[in-house]
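Quick note on the numbering used here: the sequence shown kicks off at 15 and runs consecutively. For each residue, glycine too, the CB sits at the ideal point set by N, CA and C. Values in this document were obtained by computation on a predicted structure and should not be read as measured data. Scroll down for the structure; my scribbles are underneath it.
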Amino acid sequence: MTRPLLVVPLLVAAVAGAWLLRSAFLRWRDLRVAQTYELAAEQRPLLLRVGGAMVCGMCVTALAVTVSLDSRTGRSAQQAGAVAAPETAAAERSPAPPPAAPSSGPPSPAAASPSRTVPPVVTQFKAVGQPAEGELLEGAVAGLDGRPRTVRVWLPAQYKEDPNARFPVIVLHAGSARTTADAELPDVFDGVASAVKLGRSRPFVVVVPQAPTGTARPCELVAAAPQAVADDTALRAAVGAAFRTLPPGPGDWGTLGIETGAPCAVAAGLARPDLYGAAAAVSGRYDAAALTQTGADAPGTAAAKLLLAAAKSDAAGLDSARKLQSALHSGRGRAAQADVKVSDIVQDYTPERVRLRLVRVAVQYLAESLAKPA
Numbered sequence: 015m016t017r018p019l020l021v022v023p024l025l026v027a028a029v030a031g032a033w034l035l036r037s038a039f040l041r042w043r044d045l046r047v048a049q050t051y052e053l054a055a056e057q058r059p060l061l062l063r064v065g066g067a068m069v070c071g072m073c074v075t076a077l078a079v080t081v082s083l084d085s086r087t088g089r090s091a092q093q094a095g096a097v098a099a100p101e102t103a104a105a106e107r108s109p110a111p112p113p114a115a116p117s118s119g120p121p122s123p124a125a126a127s128p129s130r131t132v133p134p135v136v137t138q139f140k141a142v143g144q145p146a147e148g149e150l151l152e153g154a155v156a157g158l159d160g161r162p163r164t165v166r167v168w169l170p171a172q173y174k175e176d177p178n179a180r181f182p183v184i185v186l187h188a189g190s191a192r193t194t195a196d197a198e199l200p201d202v203f204d205g206v207a208s209a210v211k212l213g214r215s216r217p218f219v220v221v222v223p224q225a226p227t228g229t230a231r232p233c234e235l236v237a238a239a240p241q242a243v244a245d246d247t248a249l250r251a252a253v254g255a256a257f258r259t260l261p262p263g264p265g266d267w268g269t270l271g272i273e274t275g276a277p278c279a280v281a282a283g284l285a286r287p288d289l290y291g292a293a294a295a296v297s298g299r300y301d302a303a304a305l306t307q308t309g310a311d312a313p314g315t316a317a318a319k320l321l322l323a324a325a326k327s328d329a330a331g332l333d334s335a336r337k338l339q340s341a342l343h344s345g346r347g348r349a350a351q352a353d354v355k356v357s358d359i360v361q362d363y364t365p366e367r368v369r370l371r372l373v374r375v376a377v378q379y380l381a382e383s384l385a386k387p388a
């Protein structure tokens, strides 16, 4: 229906344009004659006719393109209908499957109940940015409460260089509820990438889960209840299915927390030394008693490896780190076995530069610690 409606104005514009063009030609010829005999002649009618002809020409072009596209669309739809018609007719002519013969014996357990095998759910991650020359992707993974939570994954620039290479993982914890660490500290990936560029670390895939909800400072909760840590089996399975990461384990997975996220990283490293080969915490403030209890109750035989880093000018941060180090060494069980290092050498002229260098130190520590057996 659209094509006939467009053809009418197309023809009108074409006829009007032809008439104006012919009239302009005649007017131009008269002007040439007038100039030959040095007679006065007005050029305005000629210009008006030429302008009108140009407008008509543009209208004809636009309408012709529209009619052509509409014609192609109609033919495509007709071809699709012609292809689908035989298939539909064949489906209608095909006989229905015969009914199953009744069984004389008792039904088997497999036939009595439907299969309970559930295919694994593959999380779809979509690109949301390219910080630090890498690629940042985002997806949703179910949390411990069954509700979806945001998970971001940063792939280093080296990820695209070798399609067969697998990469170790850093789990980066956030310190504010319902946020990811990169939302709080958007330059964190620059610190990770700079450690690789300077040859101080191998490339890591950085997994950034959304912090647990229920409190404004979830890491304070995690320090006392490490089972609430944002990393869990569902998250690790989703990351392993979507990306070329090395299997979870102390040889290839580490954890990192910055500022308010630092206690989460310490709690994860103390509670799961069988999963994380090392944990690094930057510029944090720690509940020494709660974290020491977490370390004492840790299962298994592996000793946790921790780095507590703070700027040289951060007196409160260094004091909190040294108190935690002392509490762990004097604690009981696995807490006393923890290998805790404190870094206090970083200094620079801006807070952003200090944070970048602290992250670089933390990533270097993780790379060196994961390369060594526990």
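Cβ neighbour criterion (16 or more within 10 Å) applied to residue i
| i | result |
| --- | --- |
| Val185 | buried |
| Pro261 | exposed |
| Leu384 | buried |
| Gly283 | buried |
| Leu212 | exposed |
| Val29 | exposed |
| Pro120 | Because the pLDDT of Pro120 is 43, which lies under 50, any placement of that residue in the model is unreliable, and the question is left without a value. |
| Gln144 | exposed |
| Thr247 | exposed |
| Asp410 | The first residue shown for the chain is 15 and the last is 388, placing residue 410 beyond what the model contains. |
| Gly314 | exposed |
| Gly275 | buried |
| Ala312 | buried |
| Ser340 | exposed |
| Pro365 | exposed |
| Gly31 | buried |
| Gly160 | exposed |
| Ala255 | exposed |
| Tyr300 | buried |
| Arg166 | buried |
Rounded separation between residue i and residue j - CA only
| i | j | result |
| --- | --- | --- |
| Leu338 | Ala352 | 11 Å |
| Val253 | Thr259 | 8 Å |
| Val360 | Gln224 | 29 Å |
| Ser357 | Cys233 | 21 Å |
| Asp176 | Phe218 | 14 Å |
| Leu61 | Phe39 | 11 Å |
| Ala195 | Thr75 | 55 Å |
| Cys73 | Thr80 | 11 Å |
| His343 | Ala146 | 38 Å |
| Arg286 | Ala302 | 17 Å |
| Val26 | Arg58 | 24 Å |
| Ala316 | Leu151 | 33 Å |
| Phe257 | Leu320 | 27 Å |
| Asp288 | Pro277 | 19 Å |
| Ala188 | Trp168 | 15 Å |
| Arg180 | Val221 | 14 Å |
| Arg250 | Trp267 | 10 Å |
| Ala292 | Leu380 | 6 Å |
| Ala197 | Thr164 | 12 Å |
| Ala209 | Ser297 | 18 Å |
| Leu370 | Pro226 | 26 Å |
| Ser82 | Pro23 | 15 Å |
| Leu158 | Thr308 | 20 Å |
| Ala207 | Met68 | 58 Å |
| Ser215 | Ala330 | 29 Å |
| Ala156 | Asp204 | 29 Å |
| Asp333 | Ala191 | 26 Å |
| Arg41 | Val64 | 10 Å |
| Ala281 | Leu199 | 20 Å |
| Ala105 | Gly263 | Low confidence applies to Ala105: its pLDDT is 42, below 50, so where it sits in the model is not reliable enough to give any reading. |
| Gly347 | Ala304 | 14 Å |
| Thr306 | Ala141 | 39 Å |
| Thr367 | Lys326 | Going by the sequence as given, residue 367 is Arg instead of Thr. Computed Cα separation, rounded: 13 Å. |
Alpha helix (DSSP H) segment containing residue i, residue limits
| i | result |
| --- | --- |
| Lys211 | 202–211 |
| Thr193 | Note, Thr193: premise wrong, no alpha helix (DSSP H); not H, not E. |
Unbroken beta strand (DSSP E) run spanning residue i, endpoints
| i | result |
| --- | --- |
| Ala256 | Looking at the DSSP string, Ala256 is not in any beta strand (DSSP E); the run it does join, the alpha helix (DSSP H), is 247–256. |
| Arg286 | Here Arg286 belongs to no beta strand (DSSP E), and DSSP marks it neither H nor E. |
| Pro223 | 219–223 |
| Glu152 | 149–156 |
| Lys140 | 140–143 |
| Pro170 | Segment: none, Pro170 is in no beta strand (DSSP E) and carries neither H nor E. |
According to DSSP, residues forming a beta bridge with residue i
| i | result |
| --- | --- |
| His187 | Gly271 |
| Arg36 | According to DSSP, Arg36 bridges with nothing at all. |
| Phe391 | Within the shown structure, residues of the chain are numbered from 15 to 388, placing residue 391 beyond reach of any answer. |
| Pro162 | Ala156 |
| Ala292 | Gly268 |
Residue i Cβ short of 7 Å to the ligand FAD heavy atom set
| i | result |
| --- | --- |
| Leu342 | The ligand FAD is not part of this structure, which contains no ligands at all. |
3-residue-minimum beta strand (DSSP E) runs that sit fully inside the segment 297–380, ordered along the chain: Counting only runs of 3 or more, we get 319–323, 353–357.
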